[in-house]
Amino acid sequence: MIRPNKNGYYGEYGGAFVPEMLYQNVNELQENYEKIIFSENFQKEYKNYLKNYVGRPTPLYEARNLSQKYGTKIYLKREDLCHTGAHKINNAIGQVLLAKYMGKKKIIAETGAGQHGVATATACALLNMPCEIFMGEKDMERQKLNVLRMKMLGSKVTPAVSGSKTLKDATNEAIRAWIQDPQNTYYVIGSVVGPHPYPDIVTLFQSIISQEINSQLHEYGYELPNYVIACVGGGSNAIGAFYQFISNSFTKLIAVEAAGEGIHTPKTAATIALGKKGILHGSLSYLIQTEDGQIFEPHSISAGLDYPGIGPIHSYLHDAKLSQVLSATDQEALEAALELTQLEGIIPALESAHAIAALKKLTFQPNEIVVINLSGRGDKDMNTYQQVFQYE
């Protein structure tokens, strides 16, 4: 386990770099979030929602067919079975509840694949909060189902039409909206990115994943996993799966980035592989940049991994050699998605498929325990799968 220092840094990464108009908001959040989140009333209400609304604990499923193929013991943490179809709901309910405790009147959020947007819209419907979701125009086209879900849940969906029209640009628009009404608005960030204390807040809410993995493995008779594997864009599902096992020399933490068409091509989102230190969306971390320091337009077939940065906690874990970072191309993710579907009858989100793709890049022993965080289900990606696999 790891927490940032009082200024929001994990080693040299993190901090809070925000426009002057947001200082008061960010300071208010910094001063109050721990007192609220760790209070007895908040914890009681939040845990009730996790159990009876989200559907936690999610299963730790022994994937026997996949295990047989790769000659080891593979378990899938079934975050795809959460209400709304992904791990994002863990954090969305937590932050919308936090906003209510802080007396905020309106919720805004950004989304890439749409799962964080759907989760936030869901939490806002549940807790009776008005909500506006910013989403890249390109992502709205490739994730139409999630756009419809957000609208049906009562949220306003606003397209981001600048830049690459993806997650980075949606985040820019959300921050602009926050500046326009900082007193009444709470910005729900969906990943371990943004100014302090957001990376810590998201980490705390998502850490339930690794807490459950730990206890569920004990039920299977195992003390610790040898590997925990998760895809990483901003990095919320990965830190959720890793958190209880950080600094444990026995467990290897494997983060899988989106290589897009390849890390040596202009179409990639492999931040750790290619990134340099820089500031984006309020924190210092690794970013994919051009030679003159401009933000590189990322590419991934997966909208949720199509981001040019990574959470500061993941930059720290990498530099401290507490995690290993691999990458998977679009094609490798698609092949992994099909493999899981046809071996286990589970259709994964394209994001999660990147984690499955790591199985071909590692060598396992027969008695080793491999846990893969299946962060989301593939309903939202069926249009892409249909086009690629040419289903009639």
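Residues 149 to 540 in my numbering are what the sequence shown lists, from first letter to last. Note that CB positions come from ideal geometry on N, CA and C, so glycine has one too.
Under a three-way DSSP split, which group does Gly203 fall into? Residue 203 sits at position 55 when you count from the first residue of the sequence shown. DSSP places Gly203 outside both helix and strand once states are collapsed to three, so it counts as coil.
Would you mind giving the Cβ-Cβ distance between Ile237 and Ile394, rounded to the nearest angstrom? I have them listed as a contact below 8 Å. As a working note, residue 237 is residue 89 in the sequence shown. As a working note, residue 394 is residue 246 in the sequence shown. That belief does not hold up - the Cβ atoms of Ile237 and Ile394 are roughly 23 Å apart, past 8 Å.
What does the alpha-carbon distance come out to for the pair Gly430 and Phe444? Here residue 430 refers to the residue found at position 282 of the sequence shown. Here residue 444 refers to the residue found at position 296 of the sequence shown. Whole-angstrom Cα-Cα distance: 17 Å.
Give the DSSP-derived three-state secondary structure of Leu510 in the structure shown. Within the sequence shown, residue 510 is the residue found at index 362, counting from 1. Of the three classes helix, strand and coil, the one that applies to Leu510 here is coil, per DSSP.
Check the DSSP bridge columns for Leu470 and list the partner residues they point to. On the sequence shown, position 322 is the one that residue 470 refers to. According to DSSP, which records beta bridges pairwise, Leu470 is partnered with nothing at all.
Going by Cα to Cα distance, which pick from Val340, Asn200 and Asp478 is closest to Leu274? One-based indexing of the sequence shown puts residue 274 at position 126. Considering only alpha carbons, the answer is Asn200.
Hey, Gly203 and Leu229 are a contact pair by Cβ (cut 8 Å); roughly how many whole angstroms apart? Along the sequence shown, read from residue 1 onward, the residue named residue 203 stands at position 55. Along the sequence shown, read from residue 1 onward, the residue named residue 229 stands at position 81. With 8 Å as the limit, Gly203 and Leu229 qualify as a contact, their Cβ atoms being about 6 Å apart.
Who are Asn180's beta bridge partners in DSSP? On the sequence shown, residue 180 is found 32 positions in, with the first residue counted as 1. None; Asn180 has no bridge partner.
Taking 8 Å as the threshold, find out whether the stretch 397 to 414 comes into contact with the stretch 376 to 383 through three or more Cβ pairs. A contact exists between the stretch 397 to 414 and the stretch 376 to 383.
Local Cβ density within 10 Å of His366, reported as buried at 16 or more and exposed below that: Residue numbering aside, residue 366 sits at position 218 when the sequence shown is read from its first letter. Looking at its Cβ environment, which holds fewer than 16 other Cβ atoms inside 10 Å, His366 is exposed.
For Lys509, which residues in the same chain have their Cβ closer than 7 Å to its Cβ, ignoring the five residues on either side in sequence? Within the sequence shown, numbered from 1, the residue matching residue 509 stands at position 361. If we look at Lys509 and ignore the five residues flanking it on each side, its Cβ neighbours are Leu474.
How would you write the range of the alpha helix (DSSP H) that Tyr194 sits in, first residue to last? Residue numbering aside, residue 194 sits at position 46 when the sequence shown is read from its first letter. First-last of the alpha helix (DSSP H) with Tyr194: Glu188 to Tyr197.
Closest by C-alpha distance to Gln172, when choosing among Asp329, Gly338, Phe190 and Ser303: Locating residue 172 in the sequence shown gives position 24, counting from the first residue. The candidate whose alpha carbon is nearest that of Gln172 is Asp329.
Could one say the Cβ of Asn238 lies closer than 8 Å to chain D's Cβ atoms, at least one of them? No chain D is part of this structure, which consists of one protein chain only.
Locate the alpha helix (DSSP H) running through Glu360, then write down its first and last residues. Within the sequence shown, residue 360 is the residue found at index 212, counting from 1. Here the alpha helix (DSSP H) through Glu360 covers Ile356 to Tyr368.
State whether the stretch 297 to 305 contacts the stretch 330 to 348, with contact taken as three or more CB pairs (one from each stretch) at a distance under 8 Å. With the rule of 3 Cβ pairs closer than 8 Å, the stretch 297 to 305 does not count as touching the stretch 330 to 348.
To the nearest angstrom, report how far apart Pro167 and Ala506 are at their CA atoms. Numbered from 1 along the sequence shown, position 19 holds the residue referred to as residue 167. Numbered from 1 along the sequence shown, position 358 holds the residue referred to as residue 506. CA-CA distance, Pro167 to Ala506, rounds to 39 Å.
For Val309 and Gly284, what's the separation of their Cα atoms in angstroms? Walking along the sequence shown from the start, residue 309 turns up at place 161. Walking along the sequence shown from the start, residue 284 turns up at place 136. Each residue's alpha carbon lies about 6 Å from the other.
Option nearest Glu193 by Cα separation, candidates Ala234, Ala211, Val244 and Gly156: In the sequence shown, the residue the question calls residue 193 occupies position 45. Measuring C-alpha to C-alpha distances from Glu193 to each of Ala234, Ala211, Val244 and Gly156 identifies Val244 as the nearest.
Give the range of the beta strand (DSSP E) segment to which Met283 is assigned. For the purposes of this step, residue 283 is taken as the residue at position 135 of the sequence shown. First-last of the beta strand (DSSP E) with Met283: Cys279 to Gly284.
Hey, which unbroken runs of the alpha helix (DSSP H) at 4 residues or more fall wholly within the stretch 366 to 449? Positions of the alpha helix (DSSP H) runs, each at least 4 residues long and wholly inside the stretch 366 to 449, are given as 384 to 390 and 419 to 422 in order along the chain.
Please determine, among Glu492, Lys528 and Pro460, the residue with the shortest C-alpha to C-alpha distance to Gly156. Position 8 of the sequence shown, counted from the start, is the residue given in the question as residue 156. Gly156 has its Cα closest to that of Pro460, out of Glu492, Lys528 and Pro460.
Identify the continuous beta strand (DSSP E) that holds Asn521 and give its terminal residues. If you number the sequence shown from 1, residue 521 lands on position 373. Residues Ile517 to Leu522.
On the premise that Leu224 lies in contact with Asp541, defined as a C-beta separation below 8 Å, what is that separation, rounded to the nearest angstrom? There is simply no residue 541 to check, as the chain begins at 149 and stops at 540 in what is shown.
Go ahead and pull the three-state DSSP assignment for Ile337. Locating residue 337 in the sequence shown gives position 189, counting from the first residue. Ile337 falls in the coil class under three-state DSSP.
Stretch-stretch touch, CB-based, cutoff 8 Å, three pairs: the stretch 210 to 217 with the stretch 476 to 483: Proximity of the stretch 210 to 217 to the stretch 476 to 483 falls short of the contact definition, fewer than three beta-carbon pairs being nearer than 8 Å.
When DSSP builds the beta bridges, which residues end up paired with Leu224? On the sequence shown, position 76 is the one that residue 224 refers to. Note: Leu224 sits in a beta bridge opposite Tyr209 and Ile520.
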